[in-house]
Every structure is written in structure tokens, then in C-alpha cells.
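One structure below.
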Amino acid sequence: GSDGAMPTAADNSLKLPSGERLPALQPLVNESSDAGRFVGSLRAAPVPVPLWGDGAKTTFWAYNDSVPGPLIELWEGDEVDIGFENALTQPSTIHWHGMPVPPAEDGNPQDPVAPGQRRRYRYTLPAGCAGTYWYHPHPHGHTAEQAYRGLAGPIIIRSKQDPLRHLPERHLLLSDLKLDAQRQIPANDMADLHDGREGQFVLINGAWQPVITLAEGERQRWRIWNATSSRIIKLALPAHEVQLVGTDGGLIGVPQPVDSVLLSPGERCELVVTGRFKPGQPAGLLSQPYERGKRMHAEQEKDEALAGIVAYGMRPTLALPASLRPIEPLGAPGFRRKIVLSENMADPKAPFLINGQSYDMNRIDGTGQVGRIEEWEVIADAHMDHPFHLHGTQFQVLARTVDGIWEDEPFLAWRDTVNVPAGGMVRLRFVQTLPGLRMFHCHILEHEDQGMMAQIDFL
Ligand code: C2O
Ligand code: CU
Numbered sequence: 016g017s018d019g020a021m022p023t024a025a026d027n028s029l030k031l032p033s034g035e036r037l038p039a040l041q042p043l044v045n046e047s048s049d050a051g052r053f054v055g056s057l058r059a060a061p062v063p064v065p066l067w068g069d070g071a072k073t074t075f076w077a078y079n080d081s082v083p084g085p086l087i088e089l090w091e092g093d094e095v096d097i098g099f100e101n102a103l104t105q106p107s108t109i110h111w112h113g114m115p116v117p118p119a120e121d122g123n124p125q126d127p128v129a130p131g132q133r134r135r136y137r138y139t140l141p142a143g144c145a146g147t148y149w150y151h152p153h154p155h156g157h158t159a160e161q162a163y164r165g166l167a168g169p170i171i172i173r174s175k176q177d178p179l180r181h182l183p184e185r186h187l188l189l190s191d192l193k194l195d196a197q198r199q200i201p202a203n204d205m206a207d208l209h210d211g212r213e214g215q216f217v218l219i220n221g222a223w224q225p226v227i228t229l230a231e232g233e234r235q236r237w238r239i240w241n242a243t244s245s246r247i248i249k250l251a252l253p254a255h256e257v258q259l260v261g262t263d264g265g266l267i268g269v270p271q272p273v274d275s276v277l278l279s280p281g282e283r284c285e286l287v288v289t290g291r292f293k294p295g296q297p298a299g300l301l302s303q304p305y306e307r308g309k310r311m312h313a314e315q316e317k318d319e320a321l322a323g324i325v326a327y328g329m330r331p332t333l334a335l336p337a338s339l340r341p342i343e344p345l346g347a348p349g350f351r352r353k354i355v356l357s358e359n360m361a362d363p364k365a366p367f368l369i370n371g372q373s374y375d376m377n378r379i380d381g382t383g384q385v386g387r388i389e390e391w392e393v394i395a396d397a398h399m400d401h402p403f404h405l406h407g408t409q410f411q412v413l414a415r416t417v418d419g420i421w422e423d424e425p426f427l428a429w430r431d432t433v434n435v436p437a438g439g440m441v442r443l444r445f446v447q448t449l450p451g452l453r454m455f456h457c458h459i460l461e462h463e464d465q466g467m468m469a470q471i472d473f474l
């Protein structure tokens, strides 16, 4: 592992127990009883987890001994105060992925918490930020390892005005697990460092191929997190009726019927799933083949089951409102930038670049203005897809290229992560509302750690 030993390969003969009921995410306890205030504690430490049923244990790194980390449920307007204790042997931070928190509270690589140390993260949630978020470490050079060893957890920010509050809710946090023949989590090998790590198992809420219950006609709201290092997951539920109702930053304007959703690492979505059990179609949740330009690992060639779905009778179909919440388009930009993501395999010290440079946490790559609309053209001048993520705010995608031709986005949505396919371009707009240093990077965390990150100081 982190001791510099030779990494060991994945063992493809391993099988984890499967078919258990989808585990519920464990909530983080609110230590405050004051309305509008959330006080919690997170401790990052190694923990042996009995995954196997035969007494064998796999050591993860986890928040509060839980894989994934506990679910933090917040409300718009909440004052949040979370204590963090780093019981790892590496520096760490907690980054509040996608949330509008001040940079000094956002777990930037410049603010590491040393092994054995503690700090508090404090921020107040603005109105209108309801959505599905997550938290994970962001220390310089160690983000991928800490995340793939288990440090990642879900956040839901709720709004009092939630048009879908009548629907039963399910939570599915997807993470990736690679295991060696000793059933332990090995360090990254060359292929992982290049392509991004993919293990033998995609876990949902820490379980492999769990089972979800759904009645014929029943309508459920699913929040889904892609907390894997590098899997671009094409999600599909071919037997059922599926509407996309939310993205990273909460609900979209109107429900969009979809056949599949491409969810890149770091991204979240909300789906309304209506049980239909169409004959001849697999009943479960699948990941469908998607080519992301890997060079050292094979691409996924056939459908893979992520979760089973079992029918349990019939239920009346609850109403799905025709409109969910208005999203105003951001207006004409006051500033434009081009962001080029590229690969440079000739230089093993700087293989992944943004605008020709490898990340330097002491270099500021540009300045911006708080309150000014920026328009970015993000270009993957690359052989691989690179999912692009910006800290501090949500953006609107205006257009993206499909086979080299610009296509307008079919609907408005708030996002903080968007896949930029190999050779493709994405045009987006945003406004930063809080001053300070904001990172942007590829969310294949191996690429981020190896330099595909940059930072702009918003003044
Ligand atoms: Cu989820 Cu800078 O990352
Ligand atoms: Cu990348």
C-alpha cells in the first residue's frame, strides 16, 4: 500500500457475497438540538471490515468506521460545524464536493490536516442549494488513494419546498473496490495510474450486487452518487420507467424520460423510477458498455448487473409533478476562458496537464471576479475522457460537441461535474459567489493527483 511496496494485481477469481438487501446509508448524528444547526464529527482511520462471511476482513480507510462514510442530511440555511480528526498516517482534508462553502472551509490541498491532528469545518448553506452532494479527502497527491481505500460519504441538502417529498426515497452510493489475492486493497499499478483505477467490484452502499425492492406501479425517487475513482457508468433500468429529475445541484425544470444516464466519477443524479417489470427485460439496475478511451485496461463489453430488483406486489402510482423548479439561464458572460485538458505520456513526472501545465499548489493559474458570469470552453485534447469538476459553485452546460459538432444542451441543469469525452468540448457558464482560491480538475482522481488540476483566485 502506501509503504511503497510493489502493488499487487486484482484477483479476478474473488467473489464477494451478493444478493443482500440494499443497506441503508448510516446517518451522521447531529450533536446539536438547535434548529438550523448541524454539528457533527468525522474521524478518518483504517478499519477492518468483515465483508466475506468467513471471518476474513478487508482493511479500508473509513470515516467513523463506515464504508461509505455516514450520510450527512442538511437543510438549506443550516449552519454547519463538522469536526474532523485525521487518524491516518498521511495528511488529509475533507472537501465538500459541489457545495458553495468558502475556500478556507473547503478542504483545499493548501489546508492539510496532519496525521493525528483535528480541525473544524464551518459554513452556512445559502438558500437554493438543495441537492445531492458528497465529501471526500483532497490532500495534495493522496486524494485517489484515500478515496479508493474508502474515504467518501454522501450529503443531501434538503429544501422545505420539495415537489418530490411525497415519493419514497432510495440512496445508492456507487464506489469501486479492487482486491488482491489476500483480499486486501492494493496500491495503484501502472495501468491504474494511467487509465484511472477500476477494481473487480462496484459496490452500492458498501455491498456488492445488493437487491432493491420495488412494486409494480410504485414510484420511487433514487439519489445516485458516482463515488468511484474512474468509472464512467452508463446506468440503465431497461424493465422500468425512468425519469431524470435532478443533477448534482438539485432538481431540474421538468422530468426528462431517459433510457440511460451517463454518470461520470464525482457526478450525482436523481431518478424517478416507476416499477414496470417489462417482460423480456432484466429487472435490475445495469451498467451498460461505454468506451472512455482506456489504453491499458479493457473496456466494458457487455451489460453488468449493479443491483437486483425484486417485485413485491402492486402499488398505486403516485403523481410526478410536470414542473419541478424553475432554472433561470445564466446571461451573457463577462469573461471567457479556454481550458485544455491533455495527456503527455512522454513525461512521467507531468503526464496529465491543464493548459499545458501540471498542478502546482503554490502557483495561481489565473484570477476571476466574484459575481461575474464566466463562460468556459473545456476541451479534452486527449485519448481518454476526462470528467471535469469545478469547486465552489454549480455550472450550467450550454452545449457540447458530439462527434465534433456542437449541440445545444436539451435542458438546463445545475452541475459541478461533466464528462468531457476524448476529443470533445463542453461549454459551460457559472458565477462564483464567494472569494478565494478554487480548484478545477479531472475527477479521475489518479489524473488529478498526477497534475490535471489548476486553480483560479476569485477576488
Ligand atoms: Cu470531488 Cu476537487 O473534488
Ligand atoms: Cu482525467
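Under mature numbering (1 follows the signal peptide of the UniProt record, and there is no 0), the first residue of the sequence shown is numbered 16, with each subsequent residue one higher. For glycine and all other residues, C-beta sits at the position ideal for the given N, C-alpha and C.
Unbroken beta strand (DSSP E) stretches of 3 residues or longer found wholly inside the stretch 340 to 374: 350 to 358 and 367 to 369, given in chain order.
Tyr305 has its alpha-carbon roughly 7 angstroms from the corresponding atom of Glu314.
A distance below 8 angstroms separates the beta carbons of Pro280 and Ser244. A straight line joining the alpha-carbon of Ile227 with that of Tyr138 spans about 35 angstroms. Ile459 has its Cβ nearer than 7 angstroms to a heavy atom of the ligand CU. In this structure, Trp240 sits away from Leu179, with a CB-CB distance that is not shorter than 8 angstroms. Going by DSSP, Gln161 is part of the alpha helix (DSSP H) stretching over Thr158 to Tyr163.
A Cβ-Cβ contact shorter than 8 angstroms links Pro225 with Ala322. Between Ala162 and Pro169, the C-beta gap is not smaller than 8 angstroms, which leaves the two residues out of contact.
Taking the Cβ of Met454 as the reference point, at least one heavy atom of the ligand C2O falls within a distance shorter than 7 angstroms.
For Asp210, the enclosing alpha helix (DSSP H) has its first and last residue at Met205 to Asp210.
Linking Gly143 to Gly221 through their CA atoms gives a straight-line distance of about 30 angstroms. A residue is called buried once 16 or more other Cβ atoms fall within 10 Å of its Cβ, and Met454 is buried on that count.
In its chain, beyond the 5 residues on either side, Gln258 have a beta carbon closer than 6 angstroms to the beta carbon of Pro272. When rounded, the separation of the alpha-carbon atoms in Glu316 and Ala196 is 25 angstroms. Scanning its chain for C-beta atoms nearer than 6 angstroms, with the 5 sequence neighbours on each side dropped, one finds around Asn370 the residues Val355, in chain order. The beta carbon of Ala206 sits closer than 8 angstroms to the beta carbons of Met311 and His312 from its chain, once the five residues preceding and following it are set aside; these are given in chain order.
Your pair Leu460 and Thr74 does not check out as a contact, with CB atoms roughly 20 angstroms apart and the cut at 8 angstroms.
Distance from the CA of Arg246 to the CA of Pro124, rounded to the nearest whole angstrom, comes to 24 angstroms. Taking one beta carbon from each stretch, the stretch 86 to 95 and the stretch 58 to 66 have fewer than 3 pairs nearer than 8 angstroms; the two do not touch. Listed in chain order, the beta strand (DSSP E) runs fully inside the stretch 174 to 223 are 184 to 192 and 216 to 219, counting runs of at least 3 residues. Judged by their CB atoms, His398 and Gly290 are not nearer to each other than the 8 angstroms cut-off. Annotation for Glu100: Arg58 and Arg133 place their beta carbon closer than 6 angstroms to its own, counting only its chain and skipping 5 residues before and after.
In chain order, Thr147, Trp240 and Asp263 place their CB closer than 6 angstroms to the CB of Arg283, counting only its own chain and leaving out the 5 sequence neighbours on each side. In this structure, Arg330 sits near Ala230, with a CB-CB distance shorter than 8 angstroms. Shown here for Pro297: same chain residues with a beta carbon closer than 7 angstroms to its own, the five before and five after excluded, namely Pro253 and Ala254 in chain order. Taking a cut-off of 8 angstroms for Cβ pairs, the stretch 432 to 445 and the stretch 407 to 419 touch, as three or more such pairs fall below it.
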